[in-house]
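Reviewing the structure listed below.
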Amino acid sequence: MAERRERVYRLVGGGCAYCGRALHLHEAHLDHEDGVAAVAGAPDHELRCVCADCRADKGGRTGSEYRRLRRARQAQEMLASLAGR
Ligand SMILES: [Zn+2]
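Below you can see the structure in the form of structure tokens.
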């Protein structure tokens with residue numbers, strides 16, 4: 433598993449697939465579009481690296497569900513900051 437993580441890390445360039453934060457190899461967690469359960473049987477090119485925060489936050493969601501959630505939160509924060517002016 434550790435070797436696999438290193439292969440994927442080198443393949444994707446070492447940034448979190450969701451928040452974009454630069455990751456060190458030891459911080460990178462493997463993630464799959466369909467969820468963590470799909471990581472085990474998936475080929476390397478279907479995997480990506482994510483940070484621990486995004487991995488925990490994503491939970492059982494798929495990649496597209498989680499990206500939608502992140503966009504909705506960003507929109508809410510933007511509206512809140514506009515309303516506060
Ligand atoms: Zn992240």
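Residue numbers (our numbering): 433 to 517. The beta carbon of each residue, even a glycine, is placed where N, CA and C say it ideally should be.
- Task: Find the nearest neighbour of ARG499 within the set HIS458, CYS451, LEU479, judged by alpha-carbon distance.
- Result: Indexing the sequence shown from 1 puts residue 499 at position 67. Closest by alpha carbon: CYS451.
- Query: CB-CB under 7 Å to CYS486, same chain, minus the five flanking residues each way: which ones, in chain order?
  - Reply: In the sequence shown, the residue the question calls residue 486 occupies position 54. So the list reads CYS448, TYR450, CYS451, once near-sequence residues are dropped.
- Relative to ligand 1, is the shortest distance from any of its heavy atoms to the C-beta of GLY452 smaller than 8 Å? Within the sequence shown, the letter at position 20 stands for residue 452. Yes, since a heavy atom of ligand 1 falls inside the 8 Å radius drawn around the Cβ of GLY452.
- Nearest-angstrom Cα distance between ALA466 and THR494? The sequence position of residue 466 within the sequence shown is 34, counting from 1. The sequence position of residue 494 within the sequence shown is 62, counting from 1. For the sequence presented, residue 466 should be read as Asp rather than Ala. Each residue's CA atom was taken as its position, placing ASP466 and THR494 some 5 Å apart.
- Message: Could you compute how far the alpha carbon of ARG437 sits from the alpha carbon of ALA512?
- Response: Position 5 of the sequence shown holds residue 437. Position 80 of the sequence shown holds residue 512. So the two alpha carbons sit approximately 38 Å from each other.
- Start and end residues, beta strand (DSSP E) containing ASP463: The residue labelled residue 463 in the question sits at position 31 within the sequence shown. Going by DSSP, ASP463 is part of the beta strand (DSSP E) stretching over 461 to 464.
- Message: Which of the three DSSP states is assigned to VAL468 in this structure?
- Response: Along the sequence shown, one-based indexing puts residue 468 at 36. Of the three classes helix, strand and coil, the one that applies to VAL468 here is helix, per DSSP.
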